[in-house]
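**Student:**
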Amino acid sequence: MNSVLEINSSLKSLVHEFETRMDQASSLRDLEEARVAFLGRKGKLAKIMSAIPGLDSSERPLAGKTANQVKTELTRLLEDKKNELERLAAFRLDPRFDPSLPGRIPDMGSIHPVTRVIQDICSIFTGLGFDIVTGPEVETDFYNFEALNLPPGHPARDMQDTLYITESLVLRTHTSPMQIRTMEKRTPPVAAIAPGKVYRRDSDLTHTPMFHQIEGFLVDEQVSMADLRGTLTAFAQRIFDPGVKVRFRPSFFPFTEPSAEVDISCVMCEGRGRHRDDISCRVCKETGWVEVLGCGMIDPEVFLQVGYDPEKYTGFAFGLGVERVAMLKYGINDLRMFFENDLKFLNQFA
Ligand code: DAH
């Protein structure tokens, strides 16, 4: 072997031969044998390379370069095959493992939209300095009604469709009793919200016997209706949309005076009463407004019940329905969706 052409062609067939050898190799031992036979000190490549010094000096550099490239190529082929065999060996550890089966995607679960809205509302109010308080769902007549200026026989008790446990124990019909429980324990200034379940004897398209409310209130010296408006407007713009409009309508609640109901501009039709395609908006019944909560200035009678001086302190309170906020926020039109736990519904909140 004494021409560069001969050397190049031997190198070329060496690569082919090595490729076949790699194809046939089925164990790490086969690979090691191939390595010694081709790349070893006395192997096939070394043998071809031993002819290079005998070449004409002008041909030596090219032959040397080609031989080195072949060496690199053989090493790479060997390494690839080794990786492949190791990967297969890992699978073969468990003979029941079938790598051709499609993978299983674990169900991740998601936070229930009601829980999510409670969390969102709580974080808005804690950001404004309110504490979070919770209390019992089985409540005494005193906390659920009497201390809230709803004495026995008061006509407003009928609004509530109360579920009684005994004559003096009820399933709370609202979260307002948490105003009383919290004020009894603290002295002003106090600002708190109370999320939780409430119960009413009511069940149809838009009512469920259990739903969620969040109560909020703030008491200090010189708290005014302007504070109430500012707080609730900021809240509505954060939970719905920075551009949402807010209006306060006069209303009545026994535990606030004056009282108001708060409407926001309808989030479905953007306050126009009709959708873009001119179909009338069912959510706001074409009024452009939807009610979101009740509120007012805490009645002095309530302060007397908890031992606060009504000459010194004023405060505001509000109560909102969580499901209602969730329906508006996520465009859900059937209240029952929240309680059926249909995964096709819940997965949309993942
Ligand atoms: N407790 C009322 C209800 O369940 C809601 C409410 C209205 C709460 C006005 C308040 C308030 O704190 O000031 O219908």
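So the mapping is simple: this note's numbering equals the position in the sequence shown, first residue as 1, plus 30.
Backbone N, C-alpha and C fix where the C-beta goes; we use that ideal spot for every residue, glycine too.
As the structure is a computational prediction, the values presented were derived from the model and not from experiment.
Beta carbon of alanine 264, beta carbon of glutamate 245: below 8 Å?
**Tutor:** It is not a contact, given that the beta carbons lie outside the stated cut-off.
**Student:** So is the beta-carbon of glutamate 245 under 7 Å away from any non-hydrogen atom of the ligand DAH?
**Tutor:** Yes, the Cβ of glutamate 245 comes within 7 Å of a heavy atom of the ligand DAH.
**Student:** Could you tell me which of Gly157, Gly183 and Gly226 sits nearest to aspartate 171, measuring between CA atoms?
**Tutor:** With distances taken between Cα atoms, aspartate 171 lies closest to Gly183.
**Student:** Looking only at C-alpha atoms, which of Lys101, Glu341, Asp110 and Leu323 sits nearest to lysine 77?
**Tutor:** Of the listed residues, the one whose Cα sits closest to lysine 77 is Lys101.
**Student:** So is methionine 138 buried or exposed if we call it buried at 16+ other beta carbons inside 10 Å?
**Tutor:** Per the 10 Å Cβ criterion, exposed.
**Student:** Among residues of its own chain, excluding the 5 on either side of histidine 242, which ones have a beta-carbon nearer than 8 Å to its beta-carbon?
**Tutor:** Taken in chain order, the residues that qualify are Val144, Ile148, Pro225, Gly226, Lys227, Val228, Gly351, Val352 and Glu353.
**Student:** DSSP state of threonine 344, grouped into three classes?
**Tutor:** Three-state result, threonine 344: strand.
**Student:** Quick test of the definition: if touching needs 3 or more C-beta pairs under 8 Å, does the region 316 to 330 touch the region 289 to 301?
**Tutor:** They touch, by the three-pair rule.
**Student:** Sorry if obvious, but does the Cβ on glycine 337 come closer than 7 Å to a heavy atom of the ligand DAH?
**Tutor:** No; taking the cut-off as 7 Å, the Cβ of glycine 337 has no heavy atom of the ligand DAH nearer than that.
**Student:** Leaving aside the five residues before and after arginine 259 along the sequence, list all residues of the same chain whose C-beta is less than 7 Å from its C-beta, in chain order.
**Tutor:** Taken in chain order, the residues that qualify are Phe278.
**Student:** Straight-line CA distance for histidine 204 to serine 130?
**Tutor:** Each residue's Cα considered, the two are about 57 Å apart.
**Student:** Which runs of the beta strand (DSSP E), 3 residues or longer, sit entirely within the region 292 to 377?
**Tutor:** Complete beta strand (DSSP E) runs here, min 3: 319 to 328 and 344 to 351.
**Student:** Is it buried or exposed for phenylalanine 160, if we count other Cβ within 10 angstroms and need 16 for buried?
**Tutor:** Classification for phenylalanine 160: buried.
**Student:** Which residues does DSSP pair with threonine 170 in a beta bridge?
**Tutor:** Looking at the DSSP assignment, threonine 170 forms a beta bridge with Leu199.
**Student:** Quick one: Cα of glycine 133 to Cα of valine 276, how far?
**Tutor:** Approximately 50 Å, taken between the alpha carbons.
**Student:** So, valine 253 versus threonine 212, is the Cβ gap smaller than 8 Å?
**Tutor:** No; because the gap between Cβ atoms is not below 8 Å, this pair is not in contact.
**Student:** Kindly examine the ligand DAH and report whether one of its heavy atoms sits closer than 7 Å to the Cβ of alanine 186.
**Tutor:** Alanine 186 Cβ: outside cutoff for every heavy atom of the ligand DAH.
**Student:** Spatial neighbours of proline 288 within its chain, please: C-beta separation below 8 Å, excluding the five flanking residues on both sides.
**Tutor:** Only Met255, Pro280, Gly326 and Met327 meet the Cβ criterion.
**Student:** In terms of residues, what are the limits of the alpha helix (DSSP H) holding glutamine 149?
**Tutor:** Start and end: 143 to 157.
**Student:** Determine whether the beta carbon atoms of leucine 180 and proline 284 lie at a separation below 8 Å.
**Tutor:** A contact, by the Cβ cut-off of 8 Å.
**Student:** How big is the Cα-Cα spacing for glutamate 214 and glutamate 341?
**Tutor:** One C-alpha to the other measures close to 18 Å.
**Student:** In the DSSP assignment, find the alpha helix (DSSP H) that holds glutamine 267 and state where it starts and stops.
**Tutor:** Residues 255 to 269.
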